[in-house]
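Its first residue numbered 10, the sequence shown is counted upward by one per residue in the numbering used here.
Where a beta carbon is used, it is the ideal one built from N, C-alpha and C, also for glycine.
No experiment lies behind these values; they were computed from the predicted model shown.
Please read the structure below before turning to the comments.
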Amino acid sequence: MAADVRAAVRRTEGPARKVQTPLAPKDTRHATRVDNFYLYTLGANMSYLAAISTPIAVQCEKLIGGRYSLFDYVVRAAVKACLSEPEWLAGDASAELLMVLDKGEKYVLIENAGAKTIYNIAMERFAAPKSGAPAPGTVAPNILLCDSGVNVEAQRSVIRDMPHSIISIGGTTPKTGIEAGRPVSKLILPVTLYVNANILPECKASKIAAEFKTLLENPVLLLL
10 MAADVRAAVR RTEGPARKVQ TPLAPKDTRH ATRVDNFYLY TLGANMSYLA AISTPIAVQC
70 EKLIGGRYSL FDYVVRAAVK ACLSEPEWLA GDASAELLMV LDKGEKYVLI ENAGAKTIYN
130 IAMERFAAPK SGAPAPGTVA PNILLCDSGV NVEAQRSVIR DMPHSIISIG GTTPKTGIEA
190 GRPVSKLILP VTLYVNANIL PECKASKIAA EFKTLLENPV LLLL
C-alpha cells in the first residue's frame, strides 16, 4: 500500500549509502546474432507469479468474468521491458503489439500497448474473436508475441515491416534448484527474445532482455 512505501522511504532517509548494482542474469548478457536480430534464450522462474495468481484470479472472476492468463503478464512484461530503452521506439508514435494465440487461430492487436494495464490487455484478449491470420502486410506492430505452439517464422510473413522485437514462449516446466544450500521449487518458462539489430546495439538489446526477465520473475511490478 502507499503508506507502506512512504514508511519505507522514511526508514531509508539519511546519509547516502553505496549500493552495489546486481549483475544482469547470465542468459541476458550476450546475444546470438540471427539475421538482423539479437537472439536471447531465457528461462524465467514463474514461481512468484504462481504464488500470487490465485487471489488475483478470484478477483478477476468477479470483475470481468474471466481470469488473467500467463500470456497477459508476458504481454505486459514485454512492453514494459522494450519501452525501458528510450531508443527502442525509433521514432514510432507508440508501441503496438500483435499477440498470436491458440496455435495461430487467434490474433489480438494491442494498440498503444505502453498505456495498457494487464486488465486492459485481458479485456482485449477476451473480446477478440478467433479468426484466421490478417492479410499479409496489413499490420505493422513493434512487437510480435507468439504463444507456445506458434511458428514464429510463419507469422513474420503477416507483418508489413520487420518488428522491433519478437518474443516466443514455451510451456512451463517444474524444476528443483539449490539456493543458499536448500532445495527450491521453480516453475521455468522458456522464452525466446529477438531484438532488431537495426534499431539498437547489442548492449541496449541486452538491457531489454535483462529487464524482461526481471519483470517476469517479479510479477508485482507488472501490476503497477
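What is the DSSP secondary structure of residue i, reduced to helix, strand or coil?
i, result
"Thr63", "helix"
"Glu220", "helix"
"Val28", "Reliability fails at Val28, whose pLDDT of 45 lies under 50, so the model's placement of it is uncertain and no value is given."
"Ser177", "strand"
Suppose contacts are defined by Cβ-Cβ distances below 9 Å. Is residue i in contact with residue j by that definition?
i, j, result
"Ile178", "Val200", "yes"
"Lys213", "Leu196", "no"
"Leu224", "Lys89", "yes"
"Pro228", "Leu92", "no"
"Leu154", "Ile127", "no"
"Leu51", "Phe221", "yes"
"Asn160", "Ser174", "no"
At the level of alpha carbons, what is the spacing between residue i and residue j?
i, j, result
"Thr30", "Pro210", "Residue confidence for Thr30 is low, a pLDDT of 47 falling below 50, so the modelled location carries little weight; the figure read from the coordinates is stated next. If I take the Cα positions, the gap works out to 22 Å."
"Ala137", "Asn54", "29 Å"
"Leu107", "Gly190", "42 Å"
"Lys216", "Arg38", "8 Å"
"Arg3", "Ser157", "Look at the range of the chain in this structure, 10 to 233, and you will see that residue 3 is not part of it."
"Ala144", "Tyr116", "12 Å"
"Glu162", "Ala86", "22 Å"
"Pro192", "Asn207", "43 Å"
"Arg169", "Asn45", "16 Å"
"Leu202", "Lys139", "25 Å"
"Leu235", "Tyr82", "This structure leaves residue 235 out entirely; the chain is present only between 10 and 233."
"Leu198", "Leu230", "18 Å"
"Ala218", "Asp111", "25 Å"
"Thr41", "Pro64", "39 Å"
"Val109", "Ile187", "35 Å"
"Val18", "Glu114", "48 Å"
"Val84", "Ser56", "18 Å"
"Arg74", "Phe135", "Arg is not the amino acid found at residue 74; the sequence shown has Gly there. Distance between the alpha carbons of Gly74 and Phe135 is about 10 Å."
"Ala60", "Tyr49", "26 Å"
"Val167", "Gly141", "11 Å"
Got a sec, what are the start and stop residues for the beta strand (DSSP E) residue i sits in?
i, result
"Ile119", "Lys115 to Ile119"
"Pro191", "The question names Pro, but residue 191 in the sequence shown is Arg. Segment Arg191 to Asn205, the beta strand (DSSP E) holding Arg191."
"Tyr47", "Phe46 to Asn54"
"Glu236", "Nothing about residue 236 can be reported from this structure: the residues present for the chain run from 10 to 233 only."
"Val109", "Leu106 to Leu110"
"Leu154", "Ile152 to Cys155"
"Thr41", "Thr41 to Val43"
Since residue i is in the alpha helix (DSSP H), which residue starts that stretch and which ends it?
i, result
"Leu79", "Leu79 to Leu92"
"Ile130", "Ile127 to Ala136"
"Val161", "Val161 to Arg165"
Does residue i come within less than 9 Å of chain C when only Cβ atoms are used?
i, result
"Glu188", "No chain C appears in the structure shown, which is made up of a single protein chain."
Open item on the list: Does the contact criterion of 3 or more C-beta pairs under 8 Å hold for the segment 67 to 84 versus the segment 129 to 136?
Closed with: The answer is yes - the segment 129 to 136 touches the segment 67 to 84, with three or more Cβ pairs under 8 Å.
TODO: Could you say if the segment 97 to 107 and the segment 121 to 128 meet the contact criterion of at least three C-beta pairs nearer than 8 Å?
DONE: Verdict: yes, contact present.
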